[in-house]
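What follows is a short report on a single structure.
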Amino acid sequence: MKTQSNFFLALIISAGLIMSCSDFNFSFGSMKGSKLYFCEEYSIEKDECLGKAKKYTQGALTVMVDLRPEKKTLGVSEVKINITDLKTGEVEETFGFETRPTADYVYFNNVKFLRSGKFRVSALKPDGTVIVSNEIEIIDE
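The structure is reproduced here in structure tokens:
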């Protein structure tokens with residue numbers, strides 16, 4: 000009887016772990032929810048993100064925000080793209096952009112990364128509320 004109850008306990012714990020870990024997905028291309036990602040260039044005509052990655056050399060990139068998976072919109076007419084150093088927690092730079100409140104898929108051109116390091120990039124509402132964020136690594140050439 001004890002062996003059987005231990006088996007069921009292990010089964011329940013395993014099922015719980017599997018269910019709790021199912022939301023973790025480190026592949027930025029297949030996440031279920033809203034996402035922020037990066038590309039070297041965005042083609043409006045083709046709706047194509049060229050050079051999509053999580054590691055780049057220093058320079059200007061395009062930051063993409065896609066809220067369509069959650070059927071959300073920005074809800075504001077201005078978005079700030081905030082770059083924070085992961086190591087120190089200090090804000091590196093903040094770029095302001097005008098947007099349409101009804102937008103659910105937006106690109107932000109010419110976001111500059113001037114030094115190497117690992118950064119959290121967040122799309123923020125004017126009041127500082129995080130819309131969506133992601134991490135990026137900038138490397139030396």
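Be aware that the sequence shown starts at 0, since it is given in numbering that gives the first Met the number 0, and climbs by one per residue. Even for Gly, the Cβ is constructed at its ideal location relative to N, Cα and C.
Just to check my reading of the structure: residue i and residue j have Cβ atoms closer than 8 Å, yes? What is that Cβ distance to the nearest angstrom?
i	j	result
Ile135	Phe37	6 Å
Leu73	Thr98	5 Å
Grab the span of the beta strand (DSSP E) containing residue i for me, first residue to last.
i	result
Asp65	58 to 65
Val78	77 to 84
Gly95	90 to 97
Glu136	129 to 138
Closest to residue i by C-alpha separation, out of the options, would be which residue?
i	options	result
Val78	Gly95, Gly32, Thr56, Ala102	Gly95
Ile82	Ser76, Lys45, Val90	Val90
Asp103	Lys45, Arg114, Ala122, Glu40	Ala122
Pro100	Ile43, Lys124, Asn133	Lys124
Lys111	Glu69, Gly32, Leu85, Val62	Val62
Leu85	Leu49, Gly116, Lys53, Asp65	Gly116
Lys70	Gly127, Ser132, Lys34	Lys34
Asn109	Ser76, Glu140, Lys53, Ile80	Ile80
Can you tell me whether DSSP reads residue i as helix, strand or coil?
i	result
Glu69	helix
Ala102	coil
Ser115	coil
Ser121	strand
Lys45	coil
Lys34	strand
Lys53	coil
For residue i and residue j, what's the separation of their Cα atoms in angstroms?
i	j	result
Glu141	Tyr106	Coverage of the chain is limited to positions 0 through 140, which leaves residue 141 absent and any answer about it impossible.
Leu60	Val129	20 Å
Glu140	Phe118	17 Å
Gly88	Ser132	14 Å
Lys54	Glu40	14 Å
Pro68	Glu47	17 Å
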